[in-house]
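Residue numbers for the sequence shown follow the numbering used here, so the first one is -12 and each next one is one higher.
As structure tokens, the structure follows; a few thoughts come after it.
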Amino acid sequence: QKSSNVGTVKMALQFSPDEMWRLLDGLGFGSQLSLGFPGEATGRLRPAKSWRPIEQATMSYGHGISVSLIQIAHAYLAFARDGDLLPLSLTRVDTPKAAPKRVFSPQVAREVRAMLELAAGPGGTAPQAQVPGYRVAGKTGTAYKLEGGQYVKKYISSFVGLAPVSRPRLVVAVMIDEPTGAHYGGAVAAPVFARIVEGSLRALGVAPDAPITPLQLARKQGAEAVTAVRESM
């Protein structure tokens, strides 16, 4: 339910540098996704042989590695598809479907999906990601920006998730660059995720997979009231 750098480090150090590198490489980090779009960023994933133990540890929670938002969204496909990854495209084209690449076992993918659902739940770091009538899962991100080779006190806040948990149809990634006021991903990016997912699932005609709680209903009605007031001003 909560973010834990210590827990993440302990898990990461159970892998050898080569094993961890192969996992990150398999998810597409450090490589172009071949989207056919100019200016695609590759990110940065250094060879495992150059890692020191402290670097492997900090890399597990995002330091010493850089990835694009679309690379993270692509990686989440593995959790949505029970361990399979498919190529991405920014345009819809009629071509033979590519064979999926297995990066996790179905059991591992489902267990991670269950943990991500807790993170987006009432006691997690992103309760504002919840969508009335649907089970959602995801993870917050709050990172310092890198300027001139140094981390500065400017933030990039994010939330990446999937829905509905029972049979995922969407992976949505939201990034807020240098948010004003609150800067945690659960406070600034998760509500945007919720609005996008709610509208998209209803537009796609996806059946609800969870009851609407009184708290969710109250939040929804409150948000609609605020929107109505703003539009009338």
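We put the beta carbon where it would ideally sit given N, CA and C, even for glycine.
Keep in mind that this is a model prediction, so the values were computed, not measured.
* Asked: Based on Cα-Cα distance, which residue from Arg89, Pro178, Gln94 and Pro119 lies nearest to Thr224?
  -> This structure leaves residue 224 out entirely; the chain is present only between -12 and 220.
* Please name the residue in Ser187, Ala169 and Thr167 whose C-alpha comes closest to that of Pro151. => Numbered from its first residue, the sequence shown carries residue 151 at position 164. Out of Ser187, Ala169 and Thr167, Ser187 has the C-alpha closest to the C-alpha of Pro151.
* **Exposure label - Phe91; buried when at least 16 CB within 10 Å** => Along the sequence shown, read from residue 1 onward, the residue named residue 91 stands at position 104. With 16 or more other Cβ atoms within 10 Å, it is buried.
* To do: Look at the alpha carbon of Ala35 and the alpha carbon of Pro195, and state the distance between them as a whole number of angstroms.
  => Start at 1 with the first residue of the sequence shown, and residue 35 comes out as number 48. Start at 1 with the first residue of the sequence shown, and residue 195 comes out as number 208. Distance between the alpha carbons of Ala35 and Pro195 is about 44 angstroms.
* **Nearest-angstrom Cβ-Cβ length linking Phe66 and Arg100, presumed shorter than 8 angstroms** => For the purposes of this step, residue 66 is taken as the residue at position 79 of the sequence shown. For the purposes of this step, residue 100 is taken as the residue at position 113 of the sequence shown. Taking the Cβ atoms as the reference, Phe66 lies roughly 5 angstroms from Arg100, within the contact range of under 8 angstroms.
* To do: Leaving aside the five residues before and after Arg68 along the sequence, list all residues of the same chain whose C-beta is less than 8 angstroms from its C-beta, in chain order.
  => On the sequence shown, residue 68 is found 81 positions in, with the first residue counted as 1. Excluding residues within five positions, the ones whose Cβ falls inside 8 angstroms are Pro87, Ala96 and Pro155.
* **Unbroken stretches of the alpha helix (DSSP H), 4 residues or longer, contained in the stretch 152 to 199** => Runs found: 172 to 175 and 177 to 191.
* Asked: At which residues does the alpha helix (DSSP H) containing Gln137 begin and terminate?
  -> In the sequence shown, the residue the question calls residue 137 occupies position 150. Boundaries around Gln137 are those of the beta strand (DSSP E), Gln137 to Ala150, since no alpha helix (DSSP H) includes it.
* Sheet register partners of Glu134 (DSSP bridge) -> By 1-based counting over the sequence shown, the position of residue 134 is 147. In DSSP, Glu134 forms a bridge with Gln137.
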